[in-house]
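Here the working numbering = 1-based position in the sequence shown + 1.
All C-beta atoms, glycine included, are put in the ideal place defined by N, C-alpha and C.
Predicted model only: the values in this text are computed from it and were never measured.
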Amino acid sequence: MFSDYSWAELGSIFAMQGFAGLSLFSVYLLMALGLAIIFGQMGVINMAHGEFMILGAYVTYLCSNMVQQYLPFLFGGYFFVAIVLAFIVTAALGALVEWLLIRHLYKRPLDTLLATWGLSLILQQLYRTIFGAREVGVDLPSWMLGSISANDMIDIPINGLVVMSITLLIALGVYLLMFRSGFGRQTRAVVQNRVMAGAVGINTEKVDRLTFSLGCGIAGIAGSAFTMVGSTGPTAGQLYIVDTFLVVVFGGAASLLGTVASAFTISQAQSTLEFFLSGSMAKVLTLVTVVVILMLRPQGLFASKVRR
Numbered sequence: 002m003f004s005d006y007s008w009a010e011l012g013s014i015f016a017m018q019g020f021a022g023l024s025l026f027s028v029y030l031l032m033a034l035g036l037a038i039i040f041g042q043m044g045v046i047n048m049a050h051g052e053f054m055i056l057g058a059y060v061t062y063l064c065s066n067m068v069q070q071y072l073p074f075l076f077g078g079y080f081f082v083a084i085v086l087a088f089i090v091t092a093a094l095g096a097l098v099e100w101l102l103i104r105h106l107y108k109r110p111l112d113t114l115l116a117t118w119g120l121s122l123i124l125q126q127l128y129r130t131i132f133g134a135r136e137v138g139v140d141l142p143s144w145m146l147g148s149i150s151a152n153d154m155i156d157i158p159i160n161g162l163v164v165m166s167i168t169l170l171i172a173l174g175v176y177l178l179m180f181r182s183g184f185g186r187q188t189r190a191v192v193q194n195r196v197m198a199g200a201v202g203i204n205t206e207k208v209d210r211l212t213f214s215l216g217c218g219i220a221g222i223a224g225s226a227f228t229m230v231g232s233t234g235p236t237a238g239q240l241y242i243v244d245t246f247l248v249v250v251f252g253g254a255a256s257l258l259g260t261v262a263s264a265f266t267i268s269q270a271q272s273t274l275e276f277f278l279s280g281s282m283a284k285v286l287t288l289v290t291v292v293v294i295l296m297l298r299p300q301g302l303f304a305s306k307v308r309r
């Protein structure tokens, strides 16, 4: 596999594929951040997480079309508006789903798995009815197209750098929110001891709803980043849900640092292996490697330290 290339060529290939995987890293990290909040903090297995991501992608698609049609002079900055709208729409839907469905299923992980799987099928059919079965894509502003040439063999995609920068800012914001704010302290208190948290005056139902809504909103932002990777279709979210759970478990549930490290490792491994092998073989090798590592270290890369 590597024998046909010189050491210099291999170094350039690894660097090129690493930069090419920035958008995939952004999607994995944003999806995993939202899922880590829902699964790691609340213990809810949200099988509809991919559909929340696709909702964010469709919001970005609609925003792109409407700005081009009615406000073409603002097209250069529409992507940032689309990110905000994607977060608001998916967070609002997440709050509604938590109120109608999830709040009745806490402490019943198998039931949440089945219920959210059914929700994912409903959302897929809803997207198919509204947007059609064909995949759609978004138009990017001209300043986000192209790449920066580091040398004759390495090109750094500009849109990948933009999305990665936004992703890292959101990851920093999630860290500050969960570990340096009153809301984060309330969330961790509810996770550790719901009865005691309620006894000291914390509105546990409100914390649950806001936490689930936040996780779904971050998935919506992942949908905006997803438009940089591929086209959007009703079932596209299911292609990423397994990888997202893999990122969360591999990094360590409820570990923000582990989620970042896991998303970067898996995305870069897949991006590099796809250059030498087929996409399916790259996924298989990545999955086997992660499973072997989890057999040796089942708590993940960065296990959370909790008081027993």
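Only counting runs of 3 or more residues, tell me where the beta strand (DSSP E) segments fall wholly within the segment 123-198, in order along the chain. 148-150, 156-158
For T233: DSSP bridge partner residues: V137
A264 to G301, Cα distance in whole Å? 13 Å
Taking buried to mean at least 16 other C-beta atoms within 10 Å of its own C-beta, is V172 buried or exposed? It should be noted that the sequence gives Ala, not Val, for residue 172. So A172 ends up on the buried side.
Distance, Y71 Cα to L286 Cα: Computed Cα separation, rounded: 47 Å.
For R298, count neighbouring C-beta atoms within 10 Å of its own C-beta (all shown protein chains included) and say buried if the count is 16 or more, exposed if not. exposed
Terminal residues of the alpha helix (DSSP H) in which K207 lies: 205-227
Anticipated Cβ contact below 8 Å, A200 with G57, distance rounded: Beta-carbon to beta-carbon, A200 and G57 are separated by about 37 Å, too far to satisfy the 8 Å threshold.
Beta-carbon proximity check, A87 vs T61, cutoff 9 Å: yes
Would M296 be called buried (16 or more neighbouring beta carbons within 10 Å of its own) or exposed? Counting Cβ neighbours within 10 Å, M296 comes out exposed, since fewer than 16 surround it.
Local Cβ density within 10 Å of H105, reported as buried at 16 or more and exposed below that: exposed
On the criterion of 16 or more Cβ atoms from any shown chain inside 10 Å, does N47 qualify as buried, or is it exposed? Burial call: buried.
With DSSP collapsed to three states, give me the class of Q42. helix
Please name the residue in I84, L97, L141, M32 whose C-alpha comes closest to that of F76. L141
With DSSP as the reference, label Q18 as helix, strand or coil. For Q18, the secondary structure class from DSSP, reduced to helix, strand or coil, is helix.
Please return the same chain residues whose Cβ sits closer than 7 Å to the Cβ of M165, not counting the five positions on each side in sequence. L23, F26, S27
Option in G138, L257, G35 with minimal Cα separation from T228: G138
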